[in-house]
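Asker: Starting off with a structure, shown below.
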Amino acid sequence: TENADSERVNLVRKVRDGMQIRVPVQKAARTSRTQRKNAQATAGYSANSTKKVGSTRAGTEKNNSAVQRVRINSASAGELQQLPGIGPALAQRIVETRKGGRFTSADDLLRVPGIGKAKLAKLRDYVEVD
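Residues 1 to 130 in the numbering used here are what the sequence shown lists, from first letter to last.
Structure follows, in structure tokens:
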């Protein structure tokens with residue numbers, strides 16, 4: 001759509017069958033949508049309205065729709081940086097660590113210096129092993 005933020009989508013990523021590709025909306029469109037939701041909420045819309053805004057985990061995932069699942073054994077450092085809380089230095093450490101042996105599960109990220117249980121918990125939904 002005209003609201004799509006194509007700059008935040010990895011256009012060179014290979015697509016597999018069954019894979020979902022989420023295209024985030026541009027900031028301007030997001031802002032106007034938020035303003036509409038706030039206006040509806042203050043106009044007396046109830047939680048049972050057809051325009052309700054859920055506070056479930058699914059609602060949280062929509063807010064993080066820019067982040068897609070990343071294959072930790074084949075992703076480049078740049079692709080790894082798309083993960084929440086992963087910057088250039090930590091992405092490079094992931095690449096270096098996997099040179100010593102492939103990751104067999106997301107839990108193997110604990111071998112990477114700088115990734116503890118808390119960070120792994122945040123990453124678990126966004127990584128997959130290939």
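We put the CB at the ideal spot given by N, CA and C, even for glycine.
(1) In this structure, what does DSSP give as the bridge partners for residue 162?
(2) Taking the straight line between their C-alpha atoms, what separation do you get for residue 86 and residue 18?
(3) With DSSP as the reference, identify every bridge partner of residue 4, one or two as the case may be.
(4) Considering only the beta carbon of each residue, do residue 79 and residue 13 sit closer than 9 angstroms?
(5) Give me, in chain order, the residues of the same chain whose beta-carbon lies closer than 8 angstroms to that of residue 124; leave out the 5 immediate sequence neighbours on both sides.
(6) Closest to residue 8 by CA distance: which of 16, 15 and 27 is it?
(7) Please tell me whether residue 114 and residue 90 are closer than 9 angstroms, where the distance is taken between their beta carbons.
(8) By how many angstroms is the C-alpha of residue 77 removed from the C-alpha of residue 1?
(9) Any idea if residue 75 is buried or exposed, counting beta-carbon neighbours within 10 angstroms, 16 or more meaning buried?
Answerer: With the structure as the only source:
(1) Only positions 1 to 130 of the chain appear in this structure, which leaves residue 162 out of reach.
(2) Working through the sequence shown from its first residue, we reach residue 86 at position 86. Working through the sequence shown from its first residue, we reach residue 18 at position 18. Roughly 26 angstroms separates the two Cα atoms.
(3) Taking the sequence shown and counting its residues from 1, the one referred to as residue 4 is at position 4. Paired residue(s): 25.
(4) Locating residue 79 in the sequence shown gives position 79, where the first residue counts as 1. Locating residue 13 in the sequence shown gives position 13, where the first residue counts as 1. In this structure, residue 13 lies closer than 9 angstroms to residue 79 by Cβ.
(5) Counted from its first residue, the sequence shown places residue 124 at position 124. The beta carbon of residue 124 sits closer than 8 angstroms to those of 106, all from its chain and outside the five residues before and after it, given in chain order.
(6) One-based indexing of the sequence shown puts residue 8 at position 8. With distances taken between Cα atoms, residue 8 lies closest to 27.
(7) By 1-based counting over the sequence shown, the position of residue 114 is 114. By 1-based counting over the sequence shown, the position of residue 90 is 90. Result yes, Cβ atoms of residue 114 and residue 90 sit closer than 9 angstroms.
(8) Taking the sequence shown and counting its residues from 1, one reaches residue 1 at position 1. Taking the sequence shown and counting its residues from 1, one reaches residue 77 at position 77. Cα-Cα distance, rounded: 30 angstroms.
(9) Residue 75 sits at position 75 when you count from the first residue of the sequence shown. By the 16-neighbour rule on beta-carbons within 10 angstroms, residue 75 is buried.
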